[in-house]
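Q: Every position in the sequence shown, counted from 1, becomes a number in the working numbering once 888 is added. There's a structure below that I have some questions on.
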Amino acid sequence: MSLNITGYFWDTSVVEYEALNNRWTWSPSLKFDKHNKPHIVFTKTEGSGVVLRYYTYDTLNHWTLTWSKPLYGGGTVALDLELDSDQYPHIAYG
């Protein structure tokens, strides 16, 4: 299956690549905004903790880390990403 993002076709896209061992990402939530650009949020291990990462696909067709936030307490969490009518992200986790 391919997605058509503003005229470009792609099957997969690497948002973030870690060449180090023992780094994992999980709980991705993906949404498309009104301009058909993808937004993704996921958690990953970093050091001895877990961080929440939010990426957007910019107008140059590159993934951009918009922000990263440490999650205290560790462990995996369920995530849900929604975009409001102004395309601002709202992320629920727990």
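We put the CB at the ideal spot given by N, CA and C, even for glycine.
Please say whether residue 959 and residue 931 have beta carbons closer to each other than 8 Å?
A: Within the sequence shown, numbered from 1, the residue matching residue 931 stands at position 43. Within the sequence shown, numbered from 1, the residue matching residue 959 stands at position 71. In this structure, residue 959 lies closer than 8 Å to residue 931 by Cβ.
Q: How would you write the range of the beta strand (DSSP E) that residue 981 sits in, first residue to last?
A: In the sequence shown, residue 981 corresponds to position 93, counting from 1. Residues 977–981.
Q: So what's residue 923 in DSSP terms, helix, strand or just coil?
A: By one-based count along the sequence shown, residue 923 stands at place 35. Residue 923 falls in the coil class under three-state DSSP.
Q: What's the C-alpha gap between residue 923 and residue 950?
A: Looking up residue 923 in the sequence shown gives position 35. Looking up residue 950 in the sequence shown gives position 62. So the two alpha carbons sit approximately 15 Å from each other.
Q: Mapping the DSSP letters down to three states, classify residue 946 as helix, strand or coil.
A: In the sequence shown, residue 946 corresponds to position 58, counting from 1. Residue state, collapsed to three classes: coil.
Q: Determine the DSSP secondary structure at residue 938, reduced to helix, strand or coil.
A: Start at 1 with the first residue of the sequence shown, and residue 938 comes out as number 50. Reduced to three states, the DSSP call for residue 938 is strand.
Q: Does the Cβ-Cβ distance between residue 940 and residue 981 come in under 8 Å?
A: Taking the first residue of the sequence shown as 1, we reach residue 940 at position 52. Taking the first residue of the sequence shown as 1, we reach residue 981 at position 93. Taking 8 Å as the Cβ cut-off, residue 940 and residue 981 qualify as a contacting pair.
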